[in-house]
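Visitor:
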Amino acid sequence: IGCLNKLPEVSDIRLRIGEWQAWTGEKHLVGPLINEPSEKMESFQEIAYRAHDRIVARVKSGGLDATAVMCTTVWTALGVMRGLQESGLVVGRDVSVGVINDEGMSELVYPTLTAIRLPDVTAQLKKCVRWMMRGGKWKGDMLMKSAVNQQLFVGQSSGPPRN
205 IGCLNKLPEV
215 SDIRLRIGEW
225 QAWTGEKHLV
235 GPLINEPSEK
245 MESFQEIAYR
255 AHDRIVARVK
265 SGGLDATAVM
275 CTTVWTALGV
285 MRGLQESGLV
295 VGRDVSVGVI
305 NDEGMSELVY
315 PTLTAIRLPD
325 VTAQLKKCVR
335 WMMRGGKWKG
345 DMLMKSAVNQ
355 QLFVGQSSGP
365 PRN
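Residue numbers (my numbering): 205 to 367.
This is the structure we're talking about:
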């Protein structure tokens with residue numbers, strides 16, 4: 205299982221790559237880390253194009269060497285899925301694709317995208333904004349957590365590893 209990142213290495217991206225490294229290490233799995241962060245933040249569309257171009261180049265050179273690719277963002281995953289399919293591979297059969305944080309899009313793309321969905325923190329953000337607007341001392345627990353933890357959505361983009 206490989207990991208592909210095209211975004212600048214902000215803390216969330218570093219954490220996602222670290223989780224992939226820890227998980228593959230625990231499972232004694234190997235796979236390429238394709239970590240080519242851009243120097244500056246680009247448009248999401250540009251990130252998708254760069255991920256597309258990179259995965260096409262890896263497939264053409266025979267250097268993909270993975271049955272699955274975990275992407276650090278949904279935009280990276282969209283580019284990877286398109287690039288794999290344009291290279292003649294079937295996403296979900298030949299190569300699985302997954303993402304951390306689908307931004308609500310996993311069920312809207314085809315094939316549907318396997319994703320770790322992050323919890324909705326709207327209620328916590330509203331509480332913080334109301335406090336900032338009101339001012340004064342914070343009342344209540346300083347650690348706010350969503351009632352729902354991360355959820356796995358198993359989409360059509362993942363399947364059993366090819367032999």
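Positions of the beta carbon are idealized from the N, C-alpha and C atoms, including for glycine. Predicted model only: the values in this text are computed from it and were never measured.
State the start and end residues of the unbroken alpha helix (DSSP H) segment that holds Met180.
Guide: It is not possible to answer for residue 180, since the shown part of the chain is limited to 205 through 367.
Visitor: Quick test of the definition: if touching needs 3 or more C-beta pairs under 8 Å, does the region 275-288 touch the region 206-216?
Guide: Verdict: yes, contact present.
Visitor: By Cβ distance below 6 Å, which residues in the same chain neighbour Val263 in space, the five residues on each side in sequence not counted?
Guide: These residues qualify, in order along the chain: Ser291.
Visitor: Taking the alpha carbon of Arg321 as the reference point, which residue from Ile221, Ser310, Gly296 has its own alpha carbon closest?
Guide: Per the Cα distances, Ser310.
Visitor: In its own chain, which residues sit with a C-beta less than 7 Å from the C-beta of Leu282, not counting the 5 before and 5 after it?
Guide: Cβ within range, chain order: Ala252, Val313.
Visitor: Are Ile259 and Leu288 closer than 8 Å when you measure CB to CB?
Guide: Yes.
Visitor: Let's test the definition: count the other Cβ atoms within 10 Å of the Cβ of Arg383 and tell me whether it reaches 16, buried, or not, exposed.
Guide: This structure cannot settle anything about residue 383, because the visible part of the chain is limited to 205 through 367.
Visitor: Considering only residues of the same chain and omitting the five flanking positions on each side of Asn305, which have a CB-CB separation below 6 Å?
Guide: Once the five neighbours on either side are set aside, the close Cβ partners of Asn305 are Leu322.
Visitor: From Glu307, Pro315, Gln355, Gly363, pick the residue whose C-alpha is nearest to that of Asp298; which is it?
Guide: Among Glu307, Pro315, Gln355, Gly363, the Cα nearest to that of Asp298 is on Gly363.
Visitor: Thr326: buried (16+ other C-beta within 10 angstroms of its C-beta) or exposed?
Guide: Counting Cβ neighbours within 10 Å, Thr326 comes out exposed, since fewer than 16 surround it.
Visitor: In the DSSP assignment, what residue or residues form a beta bridge with Ala272?
Guide: According to DSSP, which records beta bridges pairwise, Ala272 is partnered with Ser300.
Visitor: Could you round the C-beta distance between Gly296 and Gln355 to whole angstroms and report it? I think they count as a contact, below 8 Å.
Guide: Gly296 to Gln355, Cβ: 20 Å. No contact.
Visitor: Do you know how far the Cα of Met245 is from the Cα of Pro212?
Guide: Between Pro212 and Met245, the C-alpha separation is close to 6 Å.
Visitor: With the cut-off set at 8 Å, would you say Thr318 and Gly302 are in Cβ contact?
Guide: Yes; because the gap between Cβ atoms is below 8 Å, this pair is in contact.
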